[in-house]
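Protein chains in written order, with my numbering: chain D, 2 to 295; chain G, 37 to 260; chain Y, -9 to 413; chain X, 423 to 633.
Note that the Cβ used here is the ideal one computed from N, Cα and C, for glycine as well.
All values reported here derive from a predicted model rather than from experimental measurement.
Below you'll find the structure, written out as structure tokens, and then a few comments.
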């Protein structure tokens, strides 16, 4: 028994890796479609956007790169659909250097989107008037403070090299305080900066959508009301997709909703692995392993 | 000369640091103009120049490796080659509509490199975490002590509570496992994170004060 | 043709004006007979870019309100300029201007008191084109009136006139200024005190005692030591702490004569690290062993940096890995790869999201503030020790405040928690 | 939208898939294929950084204001001088010049940190901890207060962790561990999503399995 325990406890990582691979692959090919519920932190964010009126301006900060595409990009696409459907005007920017590629692609995809009847409902939207993509600028906190004083000063030109000063959208909302909220979709720690350097200074609501990994650290902000909504990870994005009703818009579940089964399978495997490891650990208690609390 | 080397940086740090600190309390226009100048121009230019220096350093590192035929120099050739191709693609395939942030031309070589080389490499590197986290959980989540057990139990509850399966595990009273996961996130987690946050903020204030008053001189590279 | 041109400025501005009016009026169906006591004042604590029109509403008739301004102090009945509104709020929603509501003993503030900030208005130039003018101190006195129902049954209330002025101090910041100066004072005091008497006690920080052991083992095995300063610039203060610790580690490495590798993510951090390490080698009396080429810039793209560092870990097989500073998602990739190579790993970060991974995969982890404390602990330098003592005192102050605040609010007084609520 | 030819697109998907597999080979063990991908990645990302720095910092903030015309602004020469000081580090005898630039850069951020950290994070976090005890929130407010207090005690460096202080900070550690466990659990989700994303790419975009 002790030998078995030793073998199990020192299992080659590659065996674990293979099982993880299978747990993801099988549900993707044969989904089982578990139902899920919408959590209040996601609903709060959705409802804030839903409560805005046609013509209102919001800031979407796409602070995620291609590496976090799976978790964050579906959220961006769902949000753009929600905005354009309601006539809300997004000012999109990104604070990380590998952000513009995806932010631009998502925007173009949604603008070119065709519904079931072949109509293109967002075709008439104009850059600079109904939306604007400002692109990337280095500086992080400095940019947040900068747009608090004026968008056009910080971003003299947009991503398409158009002068921003002439844009109607910035006549209505020349600075951060004139917008209705900041929606930060982040795979890096920028929400920590958006609150003190951006939204608290401008006195506007903040919604954070982040990778699941950083969600726990933003709960204090949600609890304190500094963040109106908190959309964490693929599950949060799937919930948002269901609120926006992406299935009705595009005819099939959004990418986040589709991935949730694989998610469940891996979680169950990891928990089983932890339980098995602990059973054998108790059997083989004499040999402590490395790692642990400082 | 000594003044330029030692005193001047400290004086500059004091003036700029104190200025930007007190600026926050002054609503007057001059004050926000100063802030704007620093954040929109100075900080951006300094960070940009530093990046250029960094790129020079990296190129030098690989160049030396190739020149001296150090172990693995072939990979440095690949790195430098990829660097040059990307650089040329990025600076020449862009539109040139005057100065200012320019548009990445759709369909350009640079966009193609971004979409088909950079993106998959970054995303795949990141996705390796799925494997690593499974093996880390397997090895590290062991009930070694009371604290470790708390970590383990909280981890398992949240893991189950945050996927659809958790909503299928009832706990009576109309609650299910995802509610417990929600409570853990919102209450004990928020409390601990908040306490850590307060400590970190105070440390940051302290370190900022040391920098402004010239006590902390790490950025000068220690003593001279 | 011109009238059909939708980009016409006049058209845009009119549309804009109407739109903003709709925005203001739609969510606040102010039901009242007529506004009472219209009054215009300077917007307090601002840079002179707004004045405030406040008035009371009573009754239940739905009103359409339109404030208008004139630049001169006296009213003409013609050529008034309509105001572009951004919001219409209750005064009780703006404690930063009017103080807290009735429940806080501010009996002056009734729930039907309204307020409109005026920061821009529309005027028609000599060429007949309308343009939006922002309010500013240079414009002199503003006369403001409130027009009820601009559609016809006009009824206007002159609200007096005022000059928009910029203030030199934001009074809402008083408590924060006090707090910042208090913390600064405490910290400076203890730093100065520590210079006189450097014998300050700090509790043991687990993990730091392992630094010597880790470097010693690297020397025995003839393997290098790897140090990562996190993935942020020196603007992030945990990076400053990490570079500080790097200096201490470099000193020990120099004494033991092993190799130190510092692949950098940020060019400024790289140059500063070079200086710090060079100085440490000089101080340890081993300037010849310093190799600038070991401290170099990799890239500032997160995952190509991670891939390269993982490669270094697997090929150079460092015996000790120090992962200090601010980290993002790459933390687990780095720590797990280091774990497979069997290195002793000491990590430290204030990136709360990444701490769990360091805790589960590294041998020792400095949590949050411990990272900042570590440089003091390692160096025993009076100014760092004093600063740490100062922070402890500030922390104690915050803890007492939390206790008092909870106590007071439980017994119904919001006084202290209001003080801590930023306006 | 994009003008990429179908050939370019097809080639792109195959190259992307190939590179994905090269990186995945790392989980078996370090190998030349991974080393190749790593070197390529490093080169591309360096190039990307250089291009971005030029277009987003140097072009709009240096060249634009120094070009004669409406945007001309000679004050930019000051930060440009400091920036040049940074680059002059490549000449060892002039490396001390960069200190001035670092002093400005670091102290600037330090100066902005103090008011913003206090206003934006410390005040709201402390303020919202001062919630009244009520019967309805018995499972929230006291637990948060206890957690915050005990955890802060753990980070007290001036006192030895003995006796009462030791016991209180031990409770703090339990809170910290619960928090870390929860974060870990939450993160498993994040990490798995990433793998799902790559698998979706391999199965549906590359192999063209029915979606």
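Does the beta-carbon distance from residue i to residue j come in below 8 Å?
i                      : j                      : result
residue 170 of chain G : residue 17 of chain D  : yes
residue 246 of chain D : residue 34 of chain D  : no
residue 234 of chain G : residue 388 of chain Y : yes
residue 522 of chain X : residue 44 of chain G  : yes
residue 108 of chain G : residue 40 of chain D  : no
residue 149 of chain Y : residue 30 of chain Y  : yes
residue 67 of chain D  : residue 622 of chain X : no
residue 241 of chain D : residue 76 of chain D  : yes
residue 197 of chain Y : residue 356 of chain Y : yes
residue 85 of chain D  : residue 145 of chain D : no
residue 479 of chain X : residue 139 of chain D : yes
Residue i CB to nearest chain X CB: under 8 Å?
i                      : result
residue 157 of chain Y : no
residue 138 of chain D : yes
residue 204 of chain G : no
residue 280 of chain Y : no
residue 268 of chain D : yes
residue 81 of chain G  : yes
residue 234 of chain D : yes
residue 301 of chain Y : yes
residue 124 of chain D : no
Are any of the Cβ atoms in chain Y nearer than 8 Å to that of residue i?
i                      : result
residue 68 of chain D  : yes
residue 264 of chain D : no
residue 23 of chain G  : Because chain G is modelled from 37 through 260, residue 23 of chain G falls outside the range shown and cannot be assessed.
residue 140 of chain G : Low per-residue confidence applies at residue 140 of chain G: pLDDT is 49, beneath 50, and the placement is therefore not dependable enough to give any value.
residue 511 of chain X : yes
Tell me, to the nearest whole angstrom, how far the beta carbon of residue i is from that of residue j; I am working on the premise that it is less than 8 Å.
i                      : j                      : result
residue 365 of chain Y : residue 204 of chain Y : About 17 Å separates the two Cβ atoms, so there is no contact after all.
residue 101 of chain D : residue 130 of chain D : Not confirmed; about 21 Å, so no contact.
residue 150 of chain D : residue 147 of chain G : In fact, because the Cβ distance is near 32 Å, the residues do not count as touching under 8 Å.
residue 717 of chain X : residue 262 of chain Y : Residue 717 of chain X lies beyond the residue range present for chain X, which begins at 423 and ends at 633; the question has no answer from this structure.
residue 209 of chain D : residue 60 of chain D  : Their Cβ separation, rounded to whole angstroms, is 13 Å, which puts residue 209 of chain D and residue 60 of chain D out of contact at 8 Å.
residue 269 of chain D : residue 64 of chain D  : The Cβ separation is near 32 Å, so there is no contact.
residue 325 of chain Y : residue 352 of chain Y : 5 Å
residue 498 of chain X : residue 48 of chain G  : The pair is not a contact, with the Cβ atoms about 18 Å apart (cut-off 8 Å).
Nearest chain G C-beta to residue i closer than 8 Å, yes or no?
i                      : result
residue 61 of chain D  : no
residue 22 of chain Y  : Because residue 22 of chain Y carries a pLDDT of 42, less than 50, the predicted location of this residue cannot be relied on, and the following value inherits that uncertainty. For residue 22 of chain Y, the answer is no, since every Cβ of chain G falls outside 8 Å of its Cβ.
residue 560 of chain X : no
Pull the bridge partners of residue i from the DSSP assignment, please.
i                      : result
residue 311 of chain Y : Y:216 and Y:335
residue 101 of chain G : None, per the DSSP bridge assignment.
residue 90 of chain D  : D:58
residue 37 of chain Y  : Y:156
residue 230 of chain D : D:208
Any beta-carbon of chain D closer than 8 Å to the one on residue i?
i                      : result
residue 122 of chain Y : yes
residue 412 of chain Y : yes
residue 552 of chain X : no
residue 13 of chain Y  : Reliability of the predicted coordinates at residue 13 of chain Y is poor, the pLDDT of 47 falling under 50, and no value is obtained from them.
residue 499 of chain X : no
Say whether the segment 61 to 76 of chain G touches the segment 140 to 155 of chain D, bearing in mind that this needs 3 or more beta-carbon pairs closer than 8 Å, one atom from each stretch. yes
Examine the Cβ distances between the segment 578 to 597 of chain X and the segment 163 to 177 of chain G and report whether three or more of them are shorter than 8 Å. no
Are three or more beta carbon pairs between the segment 206 to 224 of chain D and the segment 94 to 110 of chain D nearer than 8 Å? no
Taking one C-beta from the segment 205 to 216 of chain G and one from the segment 310 to 328 of chain Y each time, how about it: are there three or more such pairs within less than 8 Å? no
Any 3 or more C-beta pairs closer than 8 Å across the segment 193 to 203 of chain Y and the segment 290 to 299 of chain Y: Touching, no.
Could you tell me whether the segment 529 to 547 of chain X touches the segment 113 to 125 of chain G, where touching means 3 or more Cβ pairs closer than 8 Å? The segment 529 to 547 of chain X makes no contact with the segment 113 to 125 of chain G: fewer than 3 CB pairs, one atom from each, lie closer than 8 Å.
Touch check for the segment 243 to 259 of chain Y and the segment 204 to 222 of chain Y: three-plus C-beta pairs under 8 Å? yes
Touching by the beta-carbon criterion (3+ pairs, under 8 Å), the segment 269 to 277 of chain Y and the segment 340 to 352 of chain Y: Result no; under three Cβ-Cβ pairs closer than 8 Å.
For the segment 562 to 576 of chain X against the segment 167 to 184 of chain Y, do three or more pairs of beta-carbon atoms, one drawn from each stretch, fall closer than 8 Å, so that the two count as touching? no
Check whether the segment 449 to 468 of chain X touches the segment 110 to 120 of chain G, counting contact only when three or more Cβ pairs, one atom from each stretch, lie closer than 8 Å. Segments in contact, yes.
Counting beta carbon pairs with one atom in the segment 268 to 283 of chain D and one in the segment 214 to 229 of chain G, are three or more of them shorter than 8 Å? no
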